[in-house]
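One structure is given here, and the rest of the page talks about it.
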Amino acid sequence: MDQLLRLGEALASMARIMAQEEGIVTTGVTIPQNKFSREDLEYLSSVLTKELPVIVGYYCANECVVITFTRKSV
Numbered sequence: 002m003d004q005l006l007r008l009g010e011a012l013a014s015m016a017r018i019m020a021q022e023e024g025i026v027t028t029g030v031t032i033p034q035n036k037f038s039r040e041d042l043e044y045l046s047s048v049l050t051k052e053l054p055v056i057v058g059y060y061c062a063n064e065c066v067v068i069t070f071t072r073k074s075v
């Protein structure tokens, strides 16, 4: 749970920075696939998308998970 909280804080910081930089439309981060469950990632994605001006998504690729941020249209 502690790792999930730290990941959520890090992703929220990234999303806030991205929201402030108008030149950034989409960005992402890659984490090991075995660190968090699909439910954890779905929860973080939904909370961040709801609370911040970005759409957060994720997809699993081989041994990693790619978490993406896309700026919401203003």
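Taking our numbering, the leading residue of the sequence shown gets 2, the next gets one more, and so forth.
Glycine included, each C-beta is placed from N, C-alpha and C at the ideal position.
- Taken atom to atom, the span from the alpha-carbon of residue 62 to that of residue 7 is near 22 Å.
- The criterion of a C-beta distance shorter than 8 Å is not satisfied by residue 70 and residue 31.
- Just so you know, the alpha carbons of residue 38 and residue 74 end up roughly 29 Å apart.
- For residue 18, the enclosing alpha helix (DSSP H) begins and ends at 3-21.
- For the pair residue 59 and residue 25, the Cα-to-Cα distance works out to about 18 Å.
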